[in-house]
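S.K.: I'd like to ask some things about the structure below.
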Ligand code: NA
Ligand code: NA
Ligand code: NA
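Now the structure itself:
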């Protein structure tokens, strides 16, 4: 293969490659969209949103706990030192 | 091997198999019994029972600690919210 | 190889071996010395000493925290039981 | 460019999918559904189901000799290494205390293995139907489904009948998950209500030394009488010794966590590689799936009947329900026993009593597998 | 004794070191310096740098067929197994929520792959210079540097151009670490200030079921259209399913910790074994290192331009900056986007919005790698 | 049925056990006893002891070419990979600070290797007795017991004298556990009481940069002067760099926990596979076990005498006791030094001072192993 032929093959590869990548990822865009609709129909987000909310408040709670503990330690330490 | 011969071999296998499994596991029953006696002679269970007991009370203690911590957190939270 | 020849080879090996081990580890002694000087020039120990100190006091702090928590638990337990 | 487009088209899955592969991908999806939504033995069925999908995508060659799943199968399953390492981990995870406290429950674990042999006979009987041509080895590998122990089933079928492994593993894990549905009716049908209400006396404490000597004892008996069972029994006792010896905690922890987890991922993917359309989509697979239910039922029944015998012999001290746990399917079967026990007497907690026959069932089916290997392993 | 001393002398490194090996040890030391003092992708560059040193010590033969690094290379890299296991771990580590909430950002991940192909062409153009003789396969392996994804680059070069792997891996990881320096000027040059200030609306919540179905969907599309991408896409989706299914937490935790850590150590050492003087110290390596910067710049530019197109199409809802994250280099590129965004509007946190194109870039380059493998893998 | 019963009988262990196998199972049991009840290096001796039992059960073939232990041996020990990975983990576990603060203690680690060579000569002298026919390679592998470092001994014997590995490993680990008994009398006999009371000045702080450069320096010196020692030295320095670099904590943690634990389990089982009756039950094994005690004693003595020299040279600043730690056996030997030091002066804590020669001993014996490998590795 001459260098020019090789370069031509490379250009072809580039075209094929970018087109394929775009087609494939576009399909994924559509597929994910369908999937989300399906998922929302099977398990409506209202059901999961409070779950998300709950898990958030859990985290918040955790933070409160950590805050409580560090406050306690801080008080202890300032009492000491 | 004809199907009938095969089936006969299968029946033999079943008989051999169940007899072997029972004999072997019966031996294990005996062996475990001897082993326990030996173990109790070498290290009387009185020695290990309190250990078991201690580990139990450890667990109880752990539970108390957890209870203490959660009580503290609960108090903190009710004071807050 | 006769036993005597073998033994001679063994003696040679011993001599070679001990000399090599000593030379190599002596080189390491020197190399580590140079390395330490280099390291101290690049990052003076004063910079790292306080770091060491800080990490020590961190440990001390950790111990205080552990002490605080166990004291709290102890108090709780003695109040209870 | 034309040529190129054709080459490109030939690299797509669409151009290469056959109906069989599509169907198998659906099977993989169903396994994932059962594992995730229905919690059917997810630790194994998620990797197996995903592996089944990967193996059936054309062109990719994931299950081929140069694909990841092919390598995994070759290195870890063909050699039997992965099931053995799973047994190592199981040994490190299992507390045999209940069995040591009441060793006679080993006999319940023995009786439940009857399901293995009846299923073996069932497979041979299927040969009278057209389309079935199971060898004795195949039948033995199918029978082991009745052992209700996944790694044992995978191990034996890797030795005796690799091409049936896909169907056998799927059947074994699926039915293990169905134990709560399969077992209770059989238990109720075979045990009169008053026997189901028997409260068993509390198990005695087991000393640490007993727990250390136990795996060595099991090893010794196996070595003397059935060394062919050593690959599995040897590893489970080794893992258990790591656990109970108390001096190698870091090894024990690794065996029961990271090591078994890594091996589980690979074992599942490797088994999934045997769910390729050409070898799985046969009438024999249907036969195996049907025999599987049968196997569990017979195993449960024989365990329960042995339980009734022990009930009689001990003058009513044994609740025959615990015999059902002899099929292994740890700890599912023991939980089912506990649940059925509570239905009959709300204060009767049989869980610990059922753990004895439950772990005995693991030993029992490993012994049965060893025996089948010893008698059938060298050829036909 | 004289003979012995000579034999002893010949066993020393001093007697056997060539200038090439010494230089490569220096390269290894520089990589260690970058990794430790400059935090250039230390998880990979520490093992790679150390491996480079070990491989270039004469007599020791660490990278030879009977040396540890040689074994590692043979078992884990030649087979492609280690990069696949890394992808398994990455899948278990990655939350694709941002991509599911805004799937159109996949197109940014697609656009950024242009860097791969332009670099491929650049490599072929270098052939016009004396000393360069890259095959199409070599050029493709070099191009994948533009994918900004280490394991993908290692995987593809192990298949297409093993002798260039050392230079390719070093370039890929080094430039990934340089993303914060390479990207911002390009982003600022190609996007007008007012577009850089666009505040994007908050991403919607994604349900657990969506997260479970997402990997299966990605797997399905890949299987249908480009099965050659399955080794990488299959593993990242498997890992992600382990993570999101919620029923196999112990497997997910192991995949994202111990398993990926062990494999990372070995992968780095194995890649280091390809930094031996004779194969690394060539003019081609210099070409590859130069092309690497080029690759990242083009990828960034094309991602950013796609971002501007999406900005136009969506009527200004998309901040084009997030296009720069399409090169992958997770999570570095997304952080760079966030930082540049904050420079233009101190209240504009783009991090979550950039995570979508960022993980899309991983999928995009795995797809590109699959395509190159499909078209060039069978020979010339 | 008659035939079947005979076949069944032939599958039992009873029908196949020889006196040698039974004896070796007893040996395995004794090793387990020492490991569990007496805490003799349990991390290795539990797997070795159990492996010894498994290997000597007839029919099972666990140590054969198709058995688990046989595979482990073939994959991980024959190749030298497992000892190298252990060294990787040891490097990640070891703090070389004490050695960096006082590098001259390396000479104590050098002196203690005299035990290796004297034992080598001892093995050659045994050849004058009937029944012994050790080659130079065998003698070198036996000598390395004096290095008091298990993985080094396993590594060297896997290269030079695989058939003696069982006895060598058992001797190495057993005597390491006996260090608290073997060493004190020698230390007291060779050091006058007033020297034993010397209080050493506190070690200086070592900076993080020194700890990072240390493994690289050791690597460099080894590469220049004795590259044959690189498989072990390279791995221990790599592990140490992972530890000290501070940028790859997750790799370091994995190397010092899961990775080394998994490899330890396998290494032990694999070594156990070399305790098969036919190769272990020889007069040579008895010779090796006797030489082992000898090796440790000589190593201790030469370390201690070097300590006395350093005492003189430094004008009394060095307590010669710490020379005993030069044999390695980390951290047991350093603890013994500390204990003996406290006996002579209740306020004299020598532990940190003994850690320097202790880890130096590891380097020293790895260097000695490398040298023996370089001079004897290519044949005889
Ligand atoms: Na069973
Ligand atoms: Na990418
Ligand atoms: Na040593």
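Protein chains in written order, with the numbering used here: chain F, 3 to 83; chain Z, 3 to 83; chain H, 3 to 83; chain R, 128 to 507; chain S, 128 to 507; chain V, 128 to 507. A virtual CB, placed ideally from N, CA and C, is assigned to each residue, including glycine.
1. Assuming contact is defined by CB atoms lying nearer than 8 angstroms, are residue 240 (chain R) and residue 503 (chain R) in contact in what I supplied?
2. Quick check on residue 278 (chain V): does DSSP put it in helix, strand or coil?
3. Using a C-beta to C-beta distance shorter than 8 angstroms, which residues of chain Z count as neighbours of residue 240 (chain R)?
4. Of the choices S:181, S:432, S:351 and S:223, whose alpha-carbon is the least far from that of residue 148 (chain R)?
5. May I ask you to list, following chain order, the residues of the stretch 186–204 of chain V that have a beta carbon less than 7 angstroms from some beta carbon of chain R?
6. In the structure shown, what three-state DSSP assignment does residue 495 (chain S) receive?
7. Within the 8 angstroms Cβ cut-off, does residue 335 (chain R) reach chain V?
8. Is it the case that the stretch 214–231 of chain S contacts the stretch 330–337 of chain S, given that we only count it when at least three CB pairs across the two stretches are under 8 angstroms?
9. Taking the beta carbon of residue 60 (chain H) as the centre, do at least 16 other beta carbons fall within 10 Å, making it buried, or is it exposed?
10. How is the alpha helix (DSSP H) around residue 335 (chain V) delimited, first residue to last?
11. State whether the stretch 433–442 of chain S contacts the stretch 455–473 of chain S, with contact taken as three or more CB pairs (one from each stretch) at a distance under 8 angstroms.
12. Answer yes or no: does any C-beta atom of chain F fall closer than 8 angstroms to that of residue 370 (chain S)?
13. For residue 382 (chain V), collect the residues of the same chain with a Cβ closer than 7 angstroms to its Cβ; drop the 5 residues on either side in sequence, then sort them by chain order.
14. Name the chain R residues that come within less than 7 angstroms of residue 38 (chain Z), Cβ to Cβ?
15. Given that residue 476 (chain R) touches chain S, what residues does it touch there, using C-beta distances under 7 angstroms?
16. Buried or exposed for residue 480 (chain V), going by 16 or more other Cβ atoms inside 10 Å?
17. Are the C-beta atoms of residue 28 (chain H) and some chain V residue less than 8 angstroms apart?
18. Is it a yes or a no for the stretch 340–351 of chain S touching the stretch 135–143 of chain R, going by three-plus beta-carbon pairs under 8 angstroms?
19. Considering only their Cβ atoms, is the gap separating residue 187 (chain V) from residue 357 (chain R) smaller than 8 angstroms?
20. Is the beta carbon of residue 162 (chain S) sitting closer than 8 angstroms to the one on residue 400 (chain S)?
21. To the nearest angstrom, how far is the alpha carbon of residue 312 (chain R) from that of residue 467 (chain R)?
22. When the Cβ atoms of the stretch 397–414 of chain S are set against those of the stretch 203–212 of chain R, are three or more pairs found closer than 8 angstroms?
23. Residues in the stretch 352–368 of chain V with C-beta within 9 angstroms of chain S's C-beta atoms, listed in sequence order?
24. Hey, how far is the Cα of residue 326 (chain V) from the Cα of residue 200 (chain V)?
25. If you drop the 5 nearest sequence neighbours on each side, which residues of the same chain put their C-beta closer than 6 angstroms to that of residue 540 (chain R)?
26. Could you tell me whether any Cβ in chain R is nearer than 8 angstroms to the Cβ of residue 283 (chain S)?
27. Our contact map puts residue 172 (chain V) next to residue 158 (chain V) with C-beta atoms below 8 angstroms; I'd like the distance itself, whole angstroms only.
28. Reducing DSSP to helix, strand and coil, say where residue 307 (chain S) ends up.
29. Please tell me whether residue 244 (chain S) has its Cβ less than 8 angstroms away from any Cβ of chain F.
30. By Cβ distance, which residues of its chain are closer than 6 angstroms to residue 341 (chain R), with the 5 residues on each side in sequence left out?
31. What are the residues of the stretch 459–485 of chain V that lie near chain H, defined by any Cβ-Cβ distance shorter than 8 angstroms?
32. Can the beta-carbon of residue 398 (chain S) be found closer than 8 angstroms to that of residue 169 (chain R)?
33. Looking at residue 251 (chain S) and residue 12 (chain F), is the spacing between their C-beta atoms short of 8 angstroms?
34. When you compare each of R:319, R:287, R:177 and R:180 to residue 501 (chain R) by their alpha carbons, which one comes out closest?
35. Quick test of your reading: residue 319 (chain V) and residue 31 (chain H), contact by CB under 8 angstroms. State the CB separation rounded to the nearest angstrom.
M.R.: In short:
1. Residue numbering aside, residue 240 (chain R) sits at position 113 when the fourth chain is read from its first letter. Residue numbering aside, residue 503 (chain R) sits at position 376 when the fourth chain is read from its first letter. No, the Cβ-Cβ distance between residue 240 (chain R) and residue 503 (chain R) is not below 8 angstroms.
2. Reading the sixth chain from its first residue, position 151 is the one you call residue 278 (chain V). Helix, per DSSP.
3. As a working note, residue 240 (chain R) is residue 113 in the fourth chain. What residue 240 (chain R) touches in chain Z: 19, 20 and 23.
4. Residue 148 (chain R) sits at position 21 when you count from the first residue of the fourth chain. Residue 148 (chain R) has its Cα closest to that of S:351, out of S:181, S:432, S:351 and S:223.
5. 186, 187, 189, 195 and 198
6. Within the fifth chain, the letter at position 368 stands for residue 495 (chain S). If DSSP states are grouped into helix, strand and coil, residue 495 (chain S) belongs with the helices.
7. Taking the first residue of the fourth chain as position 1, residue 335 (chain R) is located at position 208. Judged by the 8 angstroms Cβ criterion, residue 335 (chain R) is not in contact with chain V.
8. By the Cβ criterion, the stretch 330–337 of chain S is in contact with the stretch 214–231 of chain S, since at least three pairs of Cβ atoms, one from each stretch, lie closer than 8 angstroms.
9. Numbered from its first residue, the third chain carries residue 60 (chain H) at position 58. Because the pLDDT of residue 60 (chain H) is 43, which lies under 50, any placement of that residue in the model is unreliable, and the number read from its coordinates should be weighed accordingly. Exposed, since its Cβ has fewer than 16 Cβ neighbours within 10 Å.
10. The sequence position of residue 335 (chain V) within the sixth chain is 208, counting from 1. Looking at the DSSP string, the run of the alpha helix (DSSP H) that includes residue 335 (chain V) is 335–352.
11. no
12. Residue mapping note: residue 370 (chain S) aligns to position 243 of the fifth chain, counting from 1. Residue 370 (chain S) does not count as touching chain F.
13. Position 255 of the sixth chain, counted from the start, is the residue given in the question as residue 382 (chain V). For residue 382 (chain V), where only same-chain residues beyond five positions count, the Cβ hits under 7 angstroms are 215, 216, 219, 366 and 369.
14. Numbered from its first residue, the second chain carries residue 38 (chain Z) at position 36. Ordered by position in chain R, the residues that pass the 7 angstroms Cβ test against residue 38 (chain Z) are 227 and 337.
15. Looking up residue 476 (chain R) in the fourth chain gives position 349. Here the premise fails: no neighbours, minimum Cβ distance about 27 angstroms.
16. The sequence position of residue 480 (chain V) within the sixth chain is 353, counting from 1. Under this definition residue 480 (chain V) is a buried residue.
17. Counting from one through the third chain, the residue named residue 28 (chain H) turns up at place 26. Interface residue, yes.
18. Counting C-beta pairs closer than 8 angstroms gives three or more between the stretch 340–351 of chain S and the stretch 135–143 of chain R, which meets the contact rule.
19. Against the fourth chain, residue 357 (chain R) aligns to sequence position 230. Against the sixth chain, residue 187 (chain V) aligns to sequence position 60. Yes, Cβ-Cβ distance for residue 357 (chain R) and residue 187 (chain V) is below 8 angstroms.
20. Counted from its first residue, the fifth chain places residue 162 (chain S) at position 35. Counted from its first residue, the fifth chain places residue 400 (chain S) at position 273. Residue 162 (chain S) places its beta carbon 8 angstroms or farther from that of residue 400 (chain S).
21. As a position in the fourth chain, residue 312 (chain R) is number 185, starting the count at 1. As a position in the fourth chain, residue 467 (chain R) is number 340, starting the count at 1. Roughly 10 angstroms separates the two Cα atoms.
22. no
23. 352, 353, 354, 355, 356, 357, 358, 361, 362, 364, 365 and 368
24. For the purposes of this step, residue 326 (chain V) is taken as residue 199 along the sixth chain, with counting starting at 1. For the purposes of this step, residue 200 (chain V) is taken as residue 73 along the sixth chain, with counting starting at 1. Taking the straight line joining both Cα atoms gives about 47 angstroms.
25. The structure shown does not extend to residue 540 (chain R), since chain R is modelled only from 128 to 507, so the question has no answer here.
26. Mapped onto the fifth chain, residue 283 (chain S) falls at position 156. No, residue 283 (chain S) lies away from the interface with chain R (no Cβ there is under 8 angstroms from its Cβ).
27. What you label residue 172 (chain V) is simply residue 45 of the sixth chain in a count that begins at 1. What you label residue 158 (chain V) is simply residue 31 of the sixth chain in a count that begins at 1. Their Cβ separation, rounded to whole angstroms, is 5 angstroms, which keeps residue 172 (chain V) and residue 158 (chain V) in contact under 8 angstroms.
28. Start at 1 with the first residue of the fifth chain, and residue 307 (chain S) comes out as number 180. Assigned with DSSP and collapsed to three states, residue 307 (chain S) falls in helix.
29. By one-based count along the fifth chain, residue 244 (chain S) stands at place 117. True, the Cβ-Cβ gap to chain F drops below 8 angstroms.
30. The residue given as residue 341 (chain R) occupies position 214 in the fourth chain. Excluding the 5 residues flanking it on each side, residue 341 (chain R) has same chain C-beta neighbours closer than 6 angstroms at 223 and 227, in chain order.
31. none
32. For this step, residue 398 (chain S) is matched to residue 271 along the fifth chain. For this step, residue 169 (chain R) is matched to residue 42 along the fourth chain. With a cutoff of 8 angstroms on beta-carbon distance, residue 398 (chain S) and residue 169 (chain R) are scored as not near each other.
33. As a working note, residue 12 (chain F) is residue 10 in the first chain. As a working note, residue 251 (chain S) is residue 124 in the fifth chain. Yes, Cβ-Cβ distance for residue 12 (chain F) and residue 251 (chain S) is below 8 angstroms.
34. By one-based count along the fourth chain, residue 501 (chain R) stands at place 374. Checking every option, the nearest Cα to that of residue 501 (chain R) belongs to R:287.
35. The sequence position of residue 319 (chain V) within the sixth chain is 192, counting from 1. The sequence position of residue 31 (chain H) within the third chain is 29, counting from 1. Rounded, the Cβ-Cβ distance is 27 angstroms, inconsistent with contact.
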